[in-house]
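Just so we're aligned, residue 1 is where the sequence shown starts under full-length UniProt numbering, counting upward by one.
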Amino acid sequence: MSEVSPSHDFEHVKRVVGLCEFIRRKEGGDPEILRAAAWLHDIGRPAEERSGEDHAEVSAEIAEDLLPRVGFPSDKLGEVTHAIRAHRFSTGPEPQTLEAKILQDADNLDALGAMGIARCFCAVGERGTSLESGVEHFHEKLLRLPELMHTETARRLAEERRRRMVLFLEWLEKEWRMRS
């Protein structure tokens, strides 16, 4: 079995990088800080899956060690690690910089829409939980994400993706009621 969850794999990281770039082009922000933070925001996930450590903190520590060794500007390192620590809205500090806000928005956007539906049910399968628990996750967390967006660009994208999820849930409910 893979150490990396399909719901948080390298494809997720690439989508977050792309979303960060899309939002940055509309909202501004330092591309160097944002790219470094986006590429490294989940690098600590395997440690979290092994030991329960907060992956955002582990990812920030890895970035703090790695980036200076590859010549990343030292004056931007603190902003990268802040963005990484703040990307996880449920446990991290509040994002204080535009780059941290964009990263959190991009990561949350990837949990919405068709991709969010796919990722949610990947997680249900990985954890061996019920379909009902996946549907509960939509209502407890995912459908509330648009309210947490920091940038106008992300809010617009989030509302559209939320509408898609609501439509999916309506279809699912109709089919669910048909069971005997």
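The C-beta atom is built at its ideal place from N, Cα and C for all residues, glycine as well.
Residue from the options whose Cα sits closest to the Cα of residue i
i: residue 81; options: 65, 113 and 164; result: 65
i: residue 113; options: 14, 165 and 31; result: 165
i: residue 74; options: 153, 33 and 26; result: 33
i: residue 139; options: 160, 71 and 120; result: 120
i: residue 168; options: 130, 35, 117 and 148; result: 117
i: residue 171; options: 135, 151 and 89; result: 135
i: residue 5; options: 141, 123, 155 and 174; result: 123
Cβ shell of residue i (< 6 Å), same chain only, five flanking positions each side left out
i: residue 95; result: 86, 101 and 104
i: residue 153; result: 23, 26 and 27
i: residue 8; result: 42 and 45
Contacts around residue i, its chain only, beta-carbon distance under 7 Å, and the 5 residues preceding and following it disregarded
i: residue 163; result: none
i: residue 91; result: 54 and 56
i: residue 142; result: 111, 112, 116, 120 and 165
i: residue 161; result: 109, 112, 113 and 116
Inter-residue CB distance, residue i and residue j (contact presumed, cutoff 8 Å)
i: residue 146; j: residue 159; result: 5 Å
i: residue 98; j: residue 29; result: 5 Å
i: residue 72; j: residue 106; result: At roughly 20 Å, the Cβ-Cβ gap does not stay under 8 Å, so residue 72 and residue 106 are not in contact.
Proximal residues to residue i (C-beta, below 8 Å), its chain only, five neighbours per side dropped
i: residue 181; result: There is simply no residue 181 to check, as the chain begins at 1 and stops at 180 in what is shown.
i: residue 48; result: 54, 55 and 58
Residue i in three-state terms, based on DSSP
i: residue 164; result: helix
i: residue 115; result: helix
Check: Is there contact here, the region 79-97 with the region 49-68, by at least three beta-carbon pairs under 8 Å?
Finding: The region 79-97 is in contact with the region 49-68.
Next item on the list: State whether the region 35-42 contacts the region 4-13, with contact taken as three or more CB pairs (one from each stretch) at a distance under 8 Å.
Entry: They touch, by the three-pair rule.
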